[in-house]
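So the structure is just underneath, and the comments pick up after that.
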Amino acid sequence: MSLLQRLYAPQAQEPGKGRLASAILLTVLAAIAILVPLLNLTVPADSAFHVPTYLVSLLGKYLCFAMLALSIDLIWGFCGILSLGHGAFFALGGYAMGMYMMRQIGDRGVYGNAELPDFMVFLNWKELPWYWYGFDFFPFAVVMALFVPGLLAFVFGWLTFRSRVSGVYLSIITQAMTYALMLAFFRNDMGFGGNNGLTDFKDLLGFDLQSDNTRAVLLASTCVALAGCYLMCRAIVASKLGRLIAAIRDDEARVRFLGYRVENFKLFVFVLSAMIAGLAGALYVPQVGIINPGEFAPANSIEAVIWVAIGGRGTLYGAIAGGVLVNYAKTVLTGVIPEVWLFALGGMFIAVTLFFPKGLVGSLPAAIDWVKRRIGKRNPPASSPLAEEPGQ
Amino acid sequence: MSLRQWMRGGALRFLMVFWALAVLVPHSGASAAEDLGTLVTELGAASLSKKQAVVDRMVATGAPEVVPILEALVGRDLYTRKSDGVVVIGQKTSGGKLLLTDPLTGSEVGTVGSREVKRIKTNNRLRSSVKAVMGTLTLMSPDPQRRLEAADGLLKSSDQAMLPLIETALAKEADAAVKNALQLAKASIKLQSGSAEERLAAVQSLADRTDPESRVMLSRLLLKDGDVWREPDETVRETAGETLASMERRLEMWRTVEHLYQGISLGSVLLLAAMGLAITFGVMGVINMAHGEMVMLGAYTTFVIQEAFRSLAPGLFDWSLAVALPAAFLVSALVGIAMERGCIRFLYGRPLETLLATWGISLVLQQTVRSIFGPTNREVGAPEWMQGAMESVAGITLTYNRLWIILFSFCVLGAVLLVMKKTAFGLQMRAVTQNREMARAMGIPTGRVDAMTFGLGSGIAGIAGVALSQIDNVSPNLGQAYIVDSFMVVVFGGVGNLWGAFAGAMSLGIVNKLLEPWAGAVLGKILVLVAIILFIQKRPRGLFALRGRAVES
Numbered sequence: 025m026s027l028l029q030r031l032y033a034p035q036a037q038e039p040g041k042g043r044l045a046s047a048i049l050l051t052v053l054a055a056i057a058i059l060v061p062l063l064n065l066t067v068p069a070d071s072a073f074h075v076p077t078y079l080v081s082l083l084g085k086y087l088c089f090a091m092l093a094l095s096i097d098l099i100w101g102f103c104g105i106l107s108l109g110h111g112a113f114f115a116l117g118g119y120a121m122g123m124y125m126m127r128q129i130g131d132r133g134v135y136g137n138a139e140l141p142d143f144m145v146f147l148n149w150k151e152l153p154w155y156w157y158g159f160d161f162f163p164f165a166v167v168m169a170l171f172v173p174g175l176l177a178f179v180f181g182w183l184t185f186r187s188r189v190s191g192v193y194l195s196i197i198t199q200a201m202t203y204a205l206m207l208a209f210f211r212n213d214m215g216f217g218g219n220n221g222l223t224d225f226k227d228l229l230g231f232d233l234q235s236d237n238t239r240a241v242l243l244a245s246t247c248v249a250l251a252g253c254y255l256m257c258r259a260i261v262a263s264k265l266g267r268l269i270a271a272i273r274d275d276e277a278r279v280r281f282l283g284y285r286v287e288n289f290k291l292f293v294f295v296l297s298a299m300i301a302g303l304a305g306a307l308y309v310p311q312v313g314i315i316n317p318g319e320f321a322p323a324n325s326i327e328a329v330i331w332v333a334i335g336g337r338g339t340l341y342g343a344i345a346g347g348v349l350v351n352y353a354k355t356v357l358t359g360v361i362p363e364v365w366l367f368a369l370g371g372m373f374i375a376v377t378l379f380f381p382k383g384l385v386g387s388l389p390a391a392i393d394w395v396k397r398r399i400g401k402r403n404p405p406a407s408s409p410l411a412e413e414p415g416q
Numbered sequence: 408m409s410l411r412q413w414m415r416g417g418a419l420r421f422l423m424v425f426w427a428l429a430v431l432v433p434h435s436g437a438s439a440a441e442d443l444g445t446l447v448t449e450l451g452a453a454s455l456s457k458k459q460a461v462v463d464r465m466v467a468t469g470a471p472e473v474v475p476i477l478e479a480l481v482g483r484d485l486y487t488r489k490s491d492g493v494v495v496i497g498q499k500t501s502g503g504k505l506l507l508t509d510p511l512t513g514s515e516v517g518t519v520g521s522r523e524v525k526r527i528k529t530n531n532r533l534r535s536s537v538k539a540v541m542g543t544l545t546l547m548s549p550d551p552q553r554r555l556e557a558a559d560g561l562l563k564s565s566d567q568a569m570l571p572l573i574e575t576a577l578a579k580e581a582d583a584a585v586k587n588a589l590q591l592a593k594a595s596i597k598l599q600s601g602s603a604e605e606r607l608a609a610v611q612s613l614a615d616r617t618d619p620e621s622r623v624m625l626s627r628l629l630l631k632d633g634d635v636w637r638e639p640d641e642t643v644r645e646t647a648g649e650t651l652a653s654m655e656r657r658l659e660m661w662r663t664v665e666h667l668y669q670g671i672s673l674g675s676v677l678l679l680a681a682m683g684l685a686i687t688f689g690v691m692g693v694i695n696m697a698h699g700e701m702v703m704l705g706a707y708t709t710f711v712i713q714e715a716f717r718s719l720a721p722g723l724f725d726w727s728l729a730v731a732l733p734a735a736f737l738v739s740a741l742v743g744i745a746m747e748r749g750c751i752r753f754l755y756g757r758p759l760e761t762l763l764a765t766w767g768i769s770l771v772l773q774q775t776v777r778s779i780f781g782p783t784n785r786e787v788g789a790p791e792w793m794q795g796a797m798e799s800v801a802g803i804t805l806t807y808n809r810l811w812i813i814l815f816s817f818c819v820l821g822a823v824l825l826v827m828k829k830t831a832f833g834l835q836m837r838a839v840t841q842n843r844e845m846a847r848a849m850g851i852p853t854g855r856v857d858a859m860t861f862g863l864g865s866g867i868a869g870i871a872g873v874a875l876s877q878i879d880n881v882s883p884n885l886g887q888a889y890i891v892d893s894f895m896v897v898v899f900g901g902v903g904n905l906w907g908a909f910a911g912a913m914s915l916g917i918v919n920k921l922l923e924p925w926a927g928a929v930l931g932k933i934l935v936l937v938a939i940i941l942f943i944q945k946r947p948r949g950l951f952a953l954r955g956r957a958v959e960s
């Protein structure tokens with residue numbers, strides 16, 4: 025362990041900065057969780073401090089994406105596994121929650137059938153498929169939102185890590201996985217609503233989804249869940265296990281020679297990450313009101329990777345910042361000039377890989393250092409601000 | 408059926424049998440025309456009741472000229488000229504006069520007033536019997552298409568009295584399609600009204616066929632009306648059942664052949680798309696997510712070239728693809744080289760970053776094309792020699808454009824193999840792949856080789872775009888549709904090996920198309936993807952893995 029500690033000391037070198045960033049992040053999350061609902065619900069609509077409801081949902085959506093980014097950072101930033109299929113876990117979690125809310129509609133659907141969701145009536149199905157059993161029950165749906173992505177990740181990871189599929193091969197295979205799932209969910213006879221997906225939700229646990237109160241609570245829960253996941257990831261990467269995971273990222277063969285079962289560690293992180301993505305999906309669906317197979321599109325998963333890259337991988341808080349910022353930019357740009365968004369996104373991919381490999385949070389201190397050096401040339405920093413990029 | 412109808416039908420049948428026997432007698436065209444001339448004159452002179460007999464004799468000559476005369480008779484356009492009693496065909500002109508033509512030769516013989524000719528009288532009965540005769544006359548028509556129609560008509564009516572006629576026609580028929588239809592009609596008639604032996608023979612005569620009509624015919628024999636078999640004889644039933652089963656087996660085989668063809672065709676498309684990837688990914692180790700966009704650029708180059716041809720030289724349109732090929736290669740190769748020099752070379756050794764950066768480039772390229780050409784599909788035409796299809800037995804069609812693409816992909820594979828193995832550039836390329844430092848030490852300009860290799864891979868993608876534009880929609884998303892599949896081909900076949908790409912593309916294409924009939928297109932594709940994911944577990948380096956040090960680095 026001492027060898028590893030010495031080798032990977034840079035990772036553990038700056039606990040203070042991580043702690044500061046964590047504190048800022050948690051404070052911001054707490055502020056959002058408390059202030060935004062308050063400003064939305066109690067301040068009158070004509071006040072300057074009023075937060076409109078659409079903004080509440082939008083924020084909730086961003087935070088769900090941030091959680092997805094967090095899950096990708098956990099495996100990519102710390103374990104070096106670039107998954108181009110994390111959108112699949114996200115969507116699976118979303119489908120689990122969507123199925124619960126479909127069951128909640130009951131006989132208020134267009135066809136008024138209490139036994140079957142609308143699309144099944146439309147397809148002339150006579151009875152509920154077995155895999156829909158239990159989704160009337162909220163805790164079951166929540167467990168499934170975690171369990172199904174976890175199980176998929178477990179099976180997939182168990183097969184791939186054991187046969188030492190790694191690097192770009194793994195990336196491409198994860199992409200094929202989400203692509204195959206997308207094709208599957210587009211089929212009507214899968215029983216998940218075909219290309220329309222699941223929508224027209226009415227309420228969650230008996231609370232009307234359209235009401236401001238429910239939306240506020242959903243936002244607050246997303247903040248809490250994100251904070252919880254962040255703390256959990258933080259705890260993991262700071263632990264001995266986290267060191268080992270980082271060691272696997274940097275030199276898998278060496279860790280294996282040291283006697284560790286590399287594939288088991290990778291599998292653990294991969295499954296955990298998939299479950300976080302699933303939870304993010306489960307929180308996402310009630311706030312946007314729809315889940316369809318488009319969420320499985322490979323392009324979505326790659327886009328999520330770029331949030332992490334832009335925010336700064338291997339930091340956790342950077343991924344969260346990236347997830348929120350890129351999606352905010354997307355909202356703004358697609359609203360103003362839709363054609364520009366793809367140029368901007370493409371440009372971000374190129375710029376961040378070529379010029380800012382450490383992302384925003386990695387380059388920010390460097391930029392600050394640079395400014396400081398400009399102002400006071402007396403006190404040059406001792407070390408180069410850009411540390412060696414972890415090799416892949 | 409009233410007595411009168413029956414009588415007429417009977418007369419008609421008799422007439423046709425008579426005629427059929429008559430045509431057996433060999434005759435020369437000249438003598439027939441001579442006979443016909445006298446007959447036509449007779450027709451003009453005969454009383455209404457005798458006309459039937461004259462028509463019968465005219466038909467019995469079997470001359471093709473009979474058809475227009477009878478048509479004129481039915482259409483009341485047949486006249487006798489009052490001045491000399493010659494029979495003529497008259498057509499009303501705008502001036503109320505009649506344009507006369509000779510019924511035998513069709514040449515004009517002058518224009519006269521309507522009073523100078525006398526219409527040859529007909530009645531309903533004569534007209535309908537003549538119409539019926541004309542229907543069968545077409546069985547001897549020199550035009551195979553009309554014979555085919557007549558034969559199909561016989562199959563539908565399945566009239567026993569037609570049997571001798573069919574036999575006669577069969578003996579003379581040279582055209583395969585008409586013969587086929589006639590045999591079918593014969594079997595159908597025998598099955599409906601022959602003796603048990605004849606029915607058995609008819610069933611056996613169908614044994615070599617696979618067409619739907621004969622299958623319907625046979626399966627009808629195996630039906631029951633209540634408790635009674637439609638076919639009373641058990642041997643016939645059994646034979647019919649066996650024949651039907653063997654037909655289905657053969658049909659199944661042909662379908663498999665068709666699926667194989669489609670599979671090879673899909674495989675060659677995949678091969679074209681994946682070949683460039685096999686070079687950039689396989690040889691250089693660069694994950695080029697913008698590879699699909701290189702294909703798209705090639706397709707759009709084809710579109711632009713074709714537009715230019717349409718407006719500048721429409722007559723040379725068939726040559727547009729010949730110009731589009733090098734143009735697409737150049738466009739894609741130049742974009743590829745620019746990409747490599749401007750971005751990818753800074754990311755060597757960092758495959759995951761390369762993946763992301765090239766994905767970004769692909770988004771930019773897509774959006775650029777969308778901004779210039781619009782988001783909708785663009786129409787790319789096919790030259791004449793690529794249109795159409797080959798029809799074979801059992802209703803299988805093999806389209807020519809796919810055939811050309813199969814041939815084309817093999818040619819491209821051959822050309823790339825030649826470049827890789829036989830040229831100095833190929834040698835340098837392989838040297839850089841195997842050991843970059845050593846290659847540089849030997850004086851190979853590795854940077855330039857990298858750029859050229861990337862250009863070659865991208866250029867091949869552009870060529871693939873030309874081929875794809877012939878079978879797929881040309882839209883900004885064209886590349887996206889192929890990128891996952893192309894990666895699967897390269898990963899499955901093994902990186903760094905063109906033969907691997909070939910084997911991967913063909914097996915993927917064929918398996919996909921063979922799975923399709925029973926699993927459906929989407930499920931088939933999912934199964935293939937899952938199979939590849941599982942396959943990679945067993946052989947993480949693909950079907951044709953590179954061995955040695957280069958792999959480990």
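Each protein sequence line maps, in turn, to chains A and B.
For the first sequence, our numbering gives the first residue as 25, with consecutive numbering after it.
For the second sequence, our numbering gives the first residue as 408, with consecutive numbering after it.
The C-beta atom is built at its ideal place from N, Cα and C for all residues, glycine as well.
| Check | Outcome |
| --- | --- |
| Identify whether B:Ala961 lies in helix, strand or coil by the three-state DSSP scheme. | The structure shown does not extend to residue 961 of chain B, since chain B spans only 408 to 960, so no value can be given for it. |
| Could you list which residues in chain B have their beta carbon closer than 7 Å to that of A:Thr377, in chain order? | Leu754, Glu760, Leu763 and Ala764 |
| Please classify B:Phe817 as buried or exposed, where buried requires at least 16 other C-beta atoms within 10 Å of its C-beta. | exposed |
| If I'm right that A:Ala244 touches A:Ala57 with Cβ under 8 Å, what's the distance once you round it to whole angstroms? | 4 Å |
| I want to see whether chain A comes within less than 9 Å of B:Gln773, judged by CB atoms only; does it? | yes |
| Looking at the structure shown, is A:Trp149 part of a helix, part of a strand, or coil, going by DSSP? | coil |
| Just to confirm my understanding: we take B:Glu760, look at its own chain, exclude 5 residues before and 5 after, and list those with CB closer than 6 Å. What are they? | Leu754 |
| Is it buried or exposed, B:Leu455, if we count other Cβ atoms within 10 angstroms and call 16 or more buried? | exposed |
| Are the stretch 194-206 of chain A and the stretch 141-151 of chain A in contact at 8 Å, needing three or more beta carbon pairs? | no |
| For a test of the three-state rule: what should DSSP assign to B:Tyr807, helix, strand or coil? | helix |
| Kindly say whether A:Ile374, judged by its beta-carbon, lies nearer than 9 Å to any beta-carbon of chain B. | yes |
| Can a CB atom of chain A be found closer than 9 Å to the CB of B:Ile779? | no |
| By the 10 Å Cβ neighbour count, where 16 or more other Cβ atoms means buried, how is A:Thr339 classified, buried or exposed? | buried |
| Classify B:Gly886 as buried or exposed, calling it buried when 16 or more other Cβ atoms lie within 10 Å of its own Cβ. | buried |
| Could you give the uninterrupted runs of the alpha helix (DSSP H) lying entirely in the stretch 461-548 of chain B, keeping only those of 4 residues or more? | 473-481 and 531-544 |
| Is there a Cβ from chain B that is less than 9 Å from the Cβ of A:Arg397? | no |
| By the three-class DSSP mapping on this structure, what secondary structure does A:Arg188 have? | coil |
| If you measure between the beta carbons of B:Thr487 and B:Val494, is that distance less than 9 Å? | yes |
| Starting from the Cα of A:Met11, find the closest Cα among A:Leu79, A:Phe216 and A:His110 and give me that residue. | Given a span of 25 to 416 for chain A in the structure shown, any question on residue 11 of chain A remains unanswerable. |
| At what residues does the alpha helix (DSSP H) containing A:Arg211 begin and finish? | No alpha helix (DSSP H) holds A:Arg211; DSSP gives it neither H nor E. |
| Does the Cβ-Cβ distance between B:Leu562 and B:Ile527 come in under 9 Å? | no |
| Expressed to the nearest angstrom, what Euclidean distance is found between the alpha-carbon atoms of B:Val610 and B:Lys945? | 53 Å |
| By the 8 Å beta-carbon criterion, what residues does the stretch 886-900 of chain B contribute toward chain A? | Gln887, Val891, Phe894, Met895 and Val898 |
| Between B:Met408 and B:Ala581, what straight-line distance do the alpha-carbon atoms span, to the nearest angstrom? | In this prediction, B:Met408 has a pLDDT of 45, which is less than 50 and means its spatial position is unreliable; what the coordinates show is noted afterwards. B:Met408 and B:Ala581: Cα-Cα distance of roughly 38 Å. |
| Please decide whether A:Gly370 counts as near chain B, where near means a Cβ-Cβ distance under 9 Å. | yes |
| Looking only at C-alpha atoms, which of B:Leu723, B:Tyr889, B:Val702 and B:Pro782 sits nearest to B:Gly743? | B:Val702 |
| To which residues does DSSP link B:Trp766 through a beta bridge? | Looking at the DSSP assignment, B:Trp766 forms no beta bridge with any residue, so it has no partner. |
| Taking the Cβ atom as the reference point for each residue, do A:Ser107 and A:Leu194 lie within a distance shorter than 9 Å? | yes |
| For the stretch 194-219 of chain A, list every residue whose C-beta sits within 8 Å of some C-beta in chain B, in sequence order. | Ser195, Ile196, Ile197, Gln199, Ala200, Met201, Tyr203, Ala204, Leu207, Ala208, Phe210 and Arg211 |
| Pairing CB atoms from the stretch 858-874 of chain B with CB atoms from the stretch 815-834 of chain B, are three or more of them under 8 Å? | yes |
| Short of 7 Å Cβ to Cβ, which residues in the stretch 165-196 of chain A face chain B? | Leu183, Thr184, Ser187, Arg188, Val189, Gly191, Val192, Tyr193, Ser195 and Ile196 |
| Considering Cα atoms alone, identify which of B:Leu570, B:Asn531 and B:Leu533 is closest to B:Leu546. | B:Leu570 |
| Are B:Ile870 and B:Leu613 touching if we call contact CB-CB under 9 Å? | no |
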